[in-house]
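Participant: Pasting a structure here, questions to come.
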Amino acid sequence: MPLKVAHLTTVHHPLDPRIYYKQCQSLHEAGYDVTLIAPEANQHIKENQLKTISLTKHHNKFKRMISGSAETYKQAKALNADYYHFHDPELLPVAWLLKNKRNTVIYDIHEDYETAMLQKEYLPKPLRKIASKTFKLVEKFFSRKMEKVIAEKYYKDKYPTGQEILNYPIISKRILNKEDLGNTKTNKLLYTGNVTLERGALQHAELPVIDDQVELHYIGYCKKSFADQIKGVAGDNQNRIHFKGIDEYVPKDEIEEAYLYDGWLAGVAIFPPTDHYLKKELTKFFEYMAAGLPIICSNFKKWEQFITEHQCGITVNPDDANEIKEAIETLRHEPERAKQMAENGRLAVLNGLHWGVEENKLIKWYEEIKPHK
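Written as structure tokens, this is what we have:
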């Protein structure tokens, strides 16, 4: 009988790329009996694609943490899985209760949660440090007997025993067959992923103001109220800002369709400096590179080292409009350089910065931590 694996989330969308497309699908194809327990899973995943158990979707954060966790525990316990692989820190108590001598429990660390707490806008500033320190203590207590897997290299500093399964992209044959790399005959810039303040949404909103030819396309979840704020920043130039994902999740295949379009000048990631992102290699970097897009991003030390190593884009001071405009004009007026950046990025992804490498690590690691019965 194949070993049973349960992936648990109360926070992420059922089609979250790391959870569903990468880990669940890879484990399923490797012969494991995989079940995904997630909010409204059955509404988004067809029966013949993967086993699912739907949780109630709670829009209130505290109700989700209490009622959602209780429901998750009940469903997961009944499954009697060999592996419980959970993706949200709020499920630490649930996973702690599920752990026994006959199973393996895996804590999947998607973010540097301790640092992220310090940027939570919904918490008053005096409480953020307290929340961060409290979280660290709670996390340490509950996760003592769990395996840990990290999505980012620098998390190793905080989780030295964590297994690196990095969030590199699945390489789509359709994207790899795309031939028009480094298109300089366009003024369209692309941003993919959640649209938030911390991820540079307001910096990106200024791009049509900085350059009067630029069009900016946000493709990812964005609250309607925040989209209105973005338009306000763009002012008279808001007609050159476009959204796909206002108040709705944008699935991976729809983002892939955007990458297949050959009318992008560059992919952008001009973030303001925050402790949470200064050391982080963005997943969107690898996706832009796979799609053959030069990158324009903030000149954080870690990001600058990455862009320099792979020669795949241009870094800018996120607060310097002149630098940003110069970067756009460089790609626009130096087609050979732009094309070389695009080709360099794609080659780097093909040479190892892709999910195929991480998939092999995941399968091998699951075998190593197999529960003994």
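Everything in the sequence shown is counted per the UniProt record's numbering, starting at 1 for the first residue and increasing by one.
Ideal placement from N, C-alpha and C gives every residue a C-beta, glycine not left out.
1. Would you mind stating whether residue 283 and residue 198 have Cβ atoms separated by less than 8 Å?
2. Cα-Cα, which of 122, 37, 13 and 49 is closest to residue 26?
3. For residue 54, name the three-state secondary structure that DSSP assigns.
4. Report the residue ranges of all alpha helix (DSSP H) runs contained in full by the segment 308–369; include only those spanning at least 4 residues, in chain order.
5. Note down, in chain order, each residue of its chain lying with its Cβ closer than 8 Å to the Cβ of residue 307, except the 5 sequence neighbours on either side.
6. Assuming residue 260 and residue 175 form a contact by the criterion Cβ under 8 Å, report the distance between their Cβ atoms to the nearest whole angstrom.
7. My output table needs one value for residue 164: the three-state DSSP class, helix, strand or coil.
8. Have a look at residue 332 and residue 157 and give me their C-alpha separation to the nearest angstrom.
9. Can you grab the Cα-Cα spacing for the pair residue 217 / residue 321, in whole Å?
10. Output the boundary residues of the beta strand (DSSP E) element that contains residue 3.
11. Sort out for me which residues DSSP pairs residue 62 with in a bridge.
12. For residue 189 and residue 172, what's the separation of their Cα atoms in angstroms?
13. Could you give the first and the last residue of the continuous beta strand (DSSP E) run that contains residue 245?
14. Which residues in the same chain as residue 354 place their Cβ atom closer than 8 Å to its Cβ, once the five residues preceding and following it in sequence are excluded?
15. Excluding sequence positions up to five away, which residues of its chain have a Cβ less than 7 Å from the Cβ of residue 303?
16. Counting C-beta neighbours from all protein chains within 10 Å, is the total for residue 140 16 or more, i.e. buried, or is it exposed?
17. Mind checking residue 17: buried by the 16 CB within 10 Å criterion, or exposed?
18. Pick helix, strand or coil for residue 255, following the three-state DSSP scheme.
19. Do the CB positions of residue 272 and residue 104 come within less than 8 Å of each other?
20. Among the residues of its own chain, which have a CB less than 6 Å from the CB of residue 4, if the five just before and after it don't count?
21. Which residues mark the beginning and the end of the alpha helix (DSSP H) in which residue 286 is found?
22. If you draw a straight line from the alpha carbon of residue 44 to that of residue 347, how long is it in whole angstroms?
23. Quick check: what's the CA-CA separation for residue 55 versus residue 91?
24. Whole angstroms are fine: how far does the CA of residue 236 sit from the CA of residue 37?
25. Looking at the strands, I want to know which residues DSSP matches up with residue 106.
26. Out of 72, 113 and 212, which has the shortest C-alpha to C-alpha gap to residue 95?
27. In whole angstroms, what is the alpha-carbon distance linking residue 128 and residue 368?
28. What does DSSP give as the partner residue(s) for residue 215 in the beta ladder?
29. Ordered along the chain, which non-local residues of its own chain (more than five positions away) have a Cβ less than 6 Å from that of residue 118?
30. Would you please verify whether the beta carbon of residue 196 is less than 8 Å from any beta carbon of chain C?
31. Looking at C-alpha atoms only, which residue of 210, 65 and 323 is the closest neighbour of residue 10?
32. Using the Cα positions of residue 155 and residue 88, report the straight-line distance between them to the nearest angstrom.
33. Could you pull the DSSP bridge partners for residue 39 from this structure?
34. Where does residue 171 fall in DSSP's three states?
Facilitator: Concretely, from the data shown:
1. Here residue 283 refers to the residue found at position 283 of the sequence shown. Here residue 198 refers to the residue found at position 198 of the sequence shown. Going by C-beta atoms, residue 283 is not nearer than 8 Å to residue 198.
2. Translated into the one-based positions of the sequence shown, residue 26 becomes position 26. For residue 26, the nearest C-alpha among the options comes from 49.
3. Here residue 54 refers to the residue found at position 54 when the sequence shown is read from its first residue. Three-state result, residue 54: strand.
4. 321–333, 335–350 and 355–368
5. As a working note, residue 307 is residue 307 in the sequence shown. Cβ within range, chain order: 295, 297, 313, 314 and 315.
6. Position 260 of the sequence shown, counted from the start, is the residue given in the question as residue 260. Position 175 of the sequence shown, counted from the start, is the residue given in the question as residue 175. 6 Å between Cβ atoms; contact.
7. On the sequence shown, position 164 is the one that residue 164 refers to. Looking at residue 164 - three-state DSSP - the assignment turns out to be strand.
8. As a working note, residue 332 is residue 332 in the sequence shown. As a working note, residue 157 is residue 157 in the sequence shown. Answer to the nearest angstrom: the Cα atoms are 40 Å apart.
9. Translated into the one-based positions of the sequence shown, residue 217 becomes position 217. Translated into the one-based positions of the sequence shown, residue 321 becomes position 321. Looking at the two C-alpha atoms, the distance is approximately 19 Å.
10. Mapped onto the sequence shown, residue 3 falls at position 3. Per DSSP, residue 3 belongs to no beta strand (DSSP E) and is neither H nor E.
11. Sequence index remark: in the sequence shown, residue 62 carries index 62 (1-based). None, per the DSSP bridge assignment.
12. Stepping through the sequence shown from its first residue, residue 189 is reached at position 189. Stepping through the sequence shown from its first residue, residue 172 is reached at position 172. About 21 Å.
13. Start at 1 with the first residue of the sequence shown, and residue 245 comes out as number 245. 241–246 is the span of the beta strand (DSSP E), which, as asked, contains residue 245.
14. Translated into positions along the sequence shown, residue 354 becomes position 354. Answer for residue 354: 168, 169, 170, 171, 286 and 290, listed in chain order.
15. To locate residue 303, count along the sequence shown from 1; it is residue 303. Within the same chain, residue 303 has close Cβ partners 297 and 315.
16. By 1-based counting over the sequence shown, the position of residue 140 is 140. Its Cβ having fewer than 16 others within 10 Å, residue 140 is exposed.
17. Here residue 17 refers to the residue found at position 17 of the sequence shown. Residue 17 comes out buried.
18. In the sequence shown, the residue the question calls residue 255 occupies position 255. Looking at residue 255 - three-state DSSP - the assignment turns out to be helix.
19. Here residue 272 corresponds to residue number 272 of the sequence shown, with the count starting at 1. Here residue 104 corresponds to residue number 104 of the sequence shown, with the count starting at 1. No, they are not a contact pair.
20. Here the question's residue 4 lines up with position 4 in the sequence shown. Residues 33, 81 and 82 of the same chain have their beta carbon placed closer than 6 Å to that of residue 4, with the five preceding and five following residues left out of the count.
21. By 1-based counting over the sequence shown, the position of residue 286 is 286. 283–290 is the span of the alpha helix (DSSP H), which, as asked, contains residue 286.
22. Reading the sequence shown from its first residue, position 44 is the one you call residue 44. Reading the sequence shown from its first residue, position 347 is the one you call residue 347. Going by the C-alpha atoms only, they are around 34 Å apart.
23. Within the sequence shown, the letter at position 55 stands for residue 55. Within the sequence shown, the letter at position 91 stands for residue 91. Cα to Cα, the separation comes out at about 14 Å.
24. Locating residue 37 in the sequence shown gives position 37, counting from the first residue. Locating residue 236 in the sequence shown gives position 236, counting from the first residue. In a straight line, the C-alpha of residue 37 is about 45 Å away from that of residue 236.
25. For this step, residue 106 is matched to residue 106 along the sequence shown. Per DSSP, 85 and 147.
26. Mapped onto the sequence shown, residue 95 falls at position 95. The option with the nearest alpha carbon to residue 95 is 72.
27. Translated into the one-based positions of the sequence shown, residue 128 becomes position 128. Translated into the one-based positions of the sequence shown, residue 368 becomes position 368. Those two C-alpha atoms are separated by around 38 Å.
28. Counted from its first residue, the sequence shown places residue 215 at position 215. The partner list for residue 215 (beta bridge, DSSP) reads 188.
29. The residue you call residue 118 lines up with position 118 of the sequence shown. Excluding sequence neighbours, residue 118 sits near 128 and 132.
30. Considering every chain present, this structure includes no chain C. It has just one protein chain.
31. Numbered from 1 along the sequence shown, position 10 holds the residue referred to as residue 10. Minimum Cα distance to residue 10 is reached at 65.
32. For the purposes of this step, residue 155 is taken as residue 155 along the sequence shown, with counting starting at 1. For the purposes of this step, residue 88 is taken as residue 88 along the sequence shown, with counting starting at 1. Between residue 155 and residue 88, the C-alpha separation is close to 16 Å.
33. As a working note, residue 39 is residue 39 in the sequence shown. Bridge pairing for residue 39: 55 [DSSP].
34. In the sequence shown, residue 171 corresponds to position 171, counting from 1. Three-state result, residue 171: coil.
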